[in-house]
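Read through the structure below, which is laid out as structure tokens, and then see the notes.
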Amino acid sequence: MDFNLSKEHEMVRQTAREFAEKELKPIAQRVDEEKEFPWESFKKMGKVGLMGMTVPKQYGGTGSDTIAYMLALEEVGRVCASTGLTMEAHNTLGIGHIYEKGTEEQRMKYLPRLVSGEALAAWALTEPGAGSDSGGLRTNAKLDGGEWVINGTKCFITQGAVAEAVVVMAVTDPTKGAKGISAFIVPKGTPGFGYGLNEDKIGMRGTITSELVFENCRVPKDNILGKPGEGFVGAMNILDKGRVAIAALAVGLAQGALDESVKYSKEREQFGKPICKNQAIQWMLADMSVQINAARLLVYRGAWMDDQKKRFTLQASMAKLFASTMATQAALKGIQIHGGYGYTKDYPVERFLRDAKLYEIGEGTSEVQRMVIARELIGAK
């Protein structure tokens, strides 16, 4: 068992860290306060290979493995969770589904522009009545000659309103339950494809979270991803990857909270000495570090299993459950260490807390992760 990262992995991590420190950290507070969607950041990220990391080079990607992708996510998430979330939803969900289930023609049509950072991909599964119950979708698609006609509403879709291509899950055969769900590529500007409200959130304010509306939205027959009825299984496979990726972002945020807390505790003096000399502060820092490193190992295990083409549903849910809960607790400890200043916008730890909570909800709540883990353990279906 080798815990050393390869030279290639170290290079990816260093590149992502330098980019995050130079380009993302200086604007992170403004992005949050002004609810600014940082388009220019994503274009720059595309140029350094962060917007299509696991996509093969023939489609314009960097061809990186999953571990390298997790390292990059952690570094981006360490300074700006909003940018990290958009990066993850674009790479793992939108692009991931097109690459995993798309035909060669679909890949060549959509992936090169998406991985360049000039355009974004989104992934639409959640509905007002189908959140944790992903099999209870009501959005439907019916074949009419050479076109699929889509009707329904999606909600909480990351970058849905600005994405150039959206992967949409819809029911094509209501008699088959989850096996009657299919996936479609719906380009922006397609007649019948519109937008509702963008959510006003407590955290992740630099992301756009959209309601998507489909009213007799017609897409070509060839826009289906995979075969009819394969959408749900494909979505669950993508969610495994997404859960490890969310865990990586959570580790990054928690590491950011720890870094800020160590720095502050060395600078802040009370009773004639830096507060880092106090045992109470030291213990909080120690607990944060232990939990972060434990979560990081869970992320690496899930990523390694994905690279080895092993089934990792259990490991993905474990990583997400532990890392997301840990990130919230690390942010709370960060605020406590900063004292009164931690409760103000003078320091980034308050933003870390508001952002962290999303990790316990998005791509499967903590309760859903416990359900998945239990089912895997007892062999239930």
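58 is the number of the first residue of the sequence shown in my numbering; add one for each residue after it. Note that the Cβ used here is the ideal one computed from N, Cα and C, for glycine as well. The structure displayed is predicted, hence computed values, not measured ones.
On the three-state DSSP scale, how would you describe Ile418?
coil
Taking 8 Å as the threshold (C-beta atoms), are Val112 and Tyr167 in contact?
no
Give every residue of the same chain whose Cβ lies closer than 8 Å to the Cβ of Thr385, excluding the five residues on either side of it in the sequence, and list them in chain order.
Leu410, Ala413, Lys414, Tyr416 and Glu417
Which word fits Pro95, buried or exposed, when buried means at least 16 other C-beta atoms lie within 10 angstroms of its C-beta?
buried
In this structure, does DSSP put Thr229 in helix, strand or coil?
coil
Which word fits Gly134, buried or exposed, when buried means at least 16 other C-beta atoms lie within 10 angstroms of its C-beta?
buried
If you reduce the DSSP assignment to three classes, tell me which class Glu157 lands in.
helix
So the candidates are Glu204, Glu131, Gln71 and Thr72; which of them puts its Cα closest to the Cα of Ile281?
Between Ile281 and the set Glu204, Glu131, Gln71 and Thr72, the nearest pair of CA atoms involves Glu204.
What residues in its chain sit with their C-beta under 7 Å from that of Arg74, if we drop five residues either side in the sequence?
Glu132
Beta-carbon separation (whole angstroms), Val105 vs Thr72, contact threshold 8 Å:
6 Å
Cutoff 6 Å; reference Ala387; Cβ partners in own chain excluding five residues on either side:
Ala311, Ala314 and Met345
Just to confirm before moving on: does the CB-CB distance between Ala376 and Ala304 stay below 8 Å?
yes
Considering only the beta carbon of each residue, do Ala178 and Gly217 sit closer than 8 Å?
no
Rounded separation between Cys333 and Lys323 - CA only:
6 Å
Going residue by residue through the segment 342 to 411, where are the continuous alpha helix (DSSP H) segments of at least 4 residues, counting only ones entirely within it?
370 to 395
Does the distance from the C-beta atom of Leu296 to that of Val223 stay below 8 Å?
no
Determine the burial state of Asp89: buried for a count of at least 16 other Cβ atoms within 10 Å of its Cβ, exposed for fewer.
Result: buried.
Please work out which residues of its chain come closer than 8 Å, Cβ to Cβ, to Gln197, disregarding the five sequence neighbours upstream and downstream, and give them in chain order.
At residue 197 the sequence reads Asn, which differs from the Gln that was named. Excluding positions up to five away in sequence, the list reads Ile207, Asn208, Gly209, Ala227, Val228, Thr229 and Pro231.
Would you grab the beta carbon distance between Ser381 and Ala302 for me? Rounded to a whole angstrom, and I think it's under 8 Å.
About 12 Å separates the two Cβ atoms, so there is no contact after all.
Nearest CA to the CA of Glu221: which residue from Gly436, Gly234 and Thr247?
Thr247
Give the single residue among Ile349, Arg300, Leu371 and Ala292 whose Cα lies nearest to the Cα of Leu194.
Here the closest residue by C-alpha is Ala292.
If we require 3 or more residues per run, which beta strand (DSSP E) segments fall completely within the segment 209 to 270?
With a minimum length of 3 residues, the continuous beta strand (DSSP E) runs that stay inside the segment 209 to 270 are 222 to 228, 238 to 244 and 250 to 255.
At which residues does the beta strand (DSSP E) containing Asn197 begin and terminate?
Asn197 to Asp201
Counting along the chain, where does the beta strand (DSSP E) carrying Ala311 start and finish?
For Ala311, there is no enclosing beta strand (DSSP E); the residue is found in the alpha helix (DSSP H) stretching over Gly288 to Glu324.
Is the distance from the Cβ of Lys278 to the Cβ of Leu200 below 8 Å?
yes
Where does Leu282 fall in DSSP's three states?
strand
When you compare only the Cα positions, how much space is there between Gly263 and Leu371?
31 Å
Apart from the five residues just before and just after Ile259, which ones in its own chain have a Cβ nearer than 6 Å to its Cβ?
Arg411
Alpha carbon to alpha carbon, how far is Leu378 from Thr140?
21 Å
Should Ala181 and Lys211 be called a contact, given that it needs their Cβ atoms to be closer than 8 Å?
yes
Using the Cβ count rule (16 or more neighbours within 10 Å means buried), how would you classify Ala146?
buried
May I ask you to report which of helix, strand or coil DSSP gives Ala413?
helix
Please name the residue in Gln115, Pro244, Val225 and Ala125 whose C-alpha comes closest to that of Ile238.
Val225
Alpha carbon to alpha carbon, how far is Glu256 from Ile430? Give it in angstroms, no decimals.
30 Å
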